[in-house]
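In our numbering, the protein residues as written are 1 to 198. Worksheet for the structure shown next.
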Amino acid sequence: MNFLAHLDLADFCQSHLAGNLLADFVRGDPYKQHTKAAADGIKLHRFVDGYIDAMPQVKQCQRLFRPETRRVSGIALDLTWDHFLAKHWLRYHSHSLLEFVTQAQQDVERYQYNLPESYQQMSARMWQQQWLIQYQEAATIETALTRMAIRRPKLHQLANTPTDIFTHYQQLETTFHAIYPQIQQAALGYRQQQNTAS
């Protein structure tokens, strides 16, 4: 899952939104670097990533990619899941995506403690360019993956993954609807464990 899904799962679990968004920019023990609430959010994000990577359905989706793009299929799928979530937002929510994103931005921007510069740059672009709203459009997948491939030459094959995604679009979409409720419940269970341990 990418930015939208992690924010959505954080909201679903009543976790710290900024912590969940920060997670990819924090190394080591988050409790030594952030407030407990934010660190719990970082840990939830890490749990979700590990849970998704281990799902048999996700591994099966990775095998849909060609051999040359399979190594980066996990990253491509993360963006694809966000697209399906944005596209079918009202299937999972009673309020609009725009309302959610507006509120999420306000919540995230309240937390200004120990923010890495790379995170600040990404976050500013994400809100200003309305990435999360644009995820509703399938064309955004190709644009985002191409930009990532340019910024990170080691991941240049990302530019070729849209072919795999659109070839298997319907199957991936069906898989998303099958796995997302499972991920929601797994995240909720982990969050309840965090609360119990507090």
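Yeah, the Cβ is synthetic: ideal placement off N, Cα and C, and Gly gets one too. For clarity, every value in this text was computed on a predicted model and none was experimentally measured.
By the CB criterion at 8 Å, Ala5 and Asp82 fall inside the cutoff. Closest in alpha carbon position to Gln57, among Thr175, Asn2 and Tyr135, is Thr175. Residue state for Glu173 is assigned as helix, using DSSP reduced to three classes.
Between the alpha carbons of Arg151 and Leu145 lies a distance of about 10 Å.
Excluding residues up to 5 positions away in sequence, nothing lies with its Cβ nearer than 7 Å to the Cβ of Lys154 in the same chain.
Check the Cα spacing between Leu79 and each of Gln103, Arg147 and Ala187: the tightest is with Arg147. In this structure, Asp40 places its C-beta atom within 8 Å of the C-beta atom of Gln194. Proximity to Gln171 across Arg27, Asp11 and Cys61 peaks at Cys61, based on C-alpha coordinates.
Excluding the 5 residues flanking it on each side, Phe12 has same chain C-beta neighbours closer than 8 Å at Gln184, Ala187 and Leu188, in chain order.
Rounded to whole angstroms, the separation of the alpha carbons of Glu137 and Leu90 is 15 Å.
In the three-state DSSP reduction, Asp29 falls in the coil class, being neither helix nor strand. Looking only at Ile75, Pro67, Gln14 and Tyr31, the smallest Cα-Cα distance to Met1 is reached by Ile75.
As the crow flies, the alpha-carbon of His34 is around 42 Å from that of Thr167. Non-local C-beta neighbours of Arg46 in its own chain, meaning closer than 7 Å and more than five positions away in sequence, comprise Ala23, ordered along the chain.
Going by DSSP, Val58 is part of the alpha helix (DSSP H) stretching over Pro56 to Gln62.
It is roughly 31 Å from the alpha-carbon of Asp107 to the alpha-carbon of Leu158. Taken atom to atom, the span from the alpha-carbon of Glu142 to that of Gln134 is near 12 Å. By the CB criterion at 8 Å, Ile42 and Val26 fall inside the cutoff. When the alpha-carbon of Glu109 is set against those of Ser15, Leu21, Gln14 and Arg70, the nearest one is in Leu21.
Selection Leu85, Lys59 and Gln192 evaluated against Pro181 yields Leu85 as nearest (Cα-Cα).
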